[in-house]
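Student: Dropping a structure here in structure tokens format, bear with me for questions.
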Amino acid sequence: MEVNNQIPVLTQNNWNTWEHDMQVILMHYGCWQFIIQTKPEEPDEGATYKETYDFQLRKDRCYTLIYTNISSDLKNLITESTDGVVAWKKLKDHFEPATRARDIQPLDLFFETRYQPGKMSGNFHISCKDGGYQATRGGS
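Residue numbers (our numbering): 26 to 165.
As structure tokens, this is what we get:
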């Protein structure tokens with residue numbers, strides 16, 4: 026199966042779509058396990074040369090796929106490392122900062138929801154349900 030590596034490069038405005046597209050490419054090349062850290066940092070001690078080489082190749086490919094698919098003005102964010110996991114985390118932190126204000130936003134939305142007599146109660150129920158769901162997911 027051939028995967029189209031030609032996705033739009035990451036810019037300041039397309040993180041959400043780029044993140045998903047890059048995840049698919051990394052999964053295709055067997056590199057996504059490094060990002061979500063389900064693979065060990067190093068191959069087993071008894072691994073053959075071929076297994077060790079393949080492991081290192083996939084680990085390097087993880088970084089190169091990320092690096093080659095971001096715009097030149099964002100490359101300075103990840104040039105300090107050659108590790109794909111570190112690069113992904115730095116990009117994610119840049120585009121999805123984990124601030125207290127961002128985490129509390131869905132709770133504010135939920136608690137601002139008020140029942141208004143004369144309005145359809147179904148809308149109030151849906152607002153409460155949506156706000157509660159966002160609060161449990163941390164706003165995402």
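Glycine included, each C-beta is placed from N, C-alpha and C at the ideal position. As the structure is a prediction and not an experimental result, all values here were calculated from the model.
Does any CB atom of chain C fall closer than 8 Å to the CB of L35?
Tutor: The structure shown contains no chain C; it holds only a single protein chain.
Student: What does the alpha-carbon distance come out to for the pair D69 and Y92?
Tutor: In a straight line, the C-alpha of D69 is about 28 Å away from that of Y92.
Student: Starting from the C-beta of W43, find all residues in its chain whose C-beta is less than 6 Å away, skip the five residues before and the five after it, and write them out in chain order.
Tutor: For W43, where only same-chain residues beyond five positions count, the Cβ hits under 6 Å are L35.
Student: Can the beta-carbon of I103 be found less than 8 Å from the beta-carbon of K115?
Tutor: Yes.
Student: Indicate the three-state DSSP secondary structure (helix, strand or coil) for L99 in the structure shown.
Tutor: Coil.
Student: Express the C-alpha separation of L99 and A123 in angstroms, rounding to a whole number.
Tutor: Computed Cα separation, rounded: 19 Å.
Student: How would you call Y78, buried or exposed, if buried means at least 16 neighbouring beta carbons within 10 angstroms?
Tutor: It is exposed - the Cβ of Y78 has fewer than 16 other Cβ atoms within 10 Å.
Student: Sorted by chain position, which residues of the same chain lie with C-beta nearer than 6 Å to R86's C-beta, five sequence neighbours on each side aside?
Tutor: Y54 and C56.
Student: Do you know how far the Cα of T73 is from the Cα of M47?
Tutor: Answer to the nearest angstrom: the Cα atoms are 30 Å apart.
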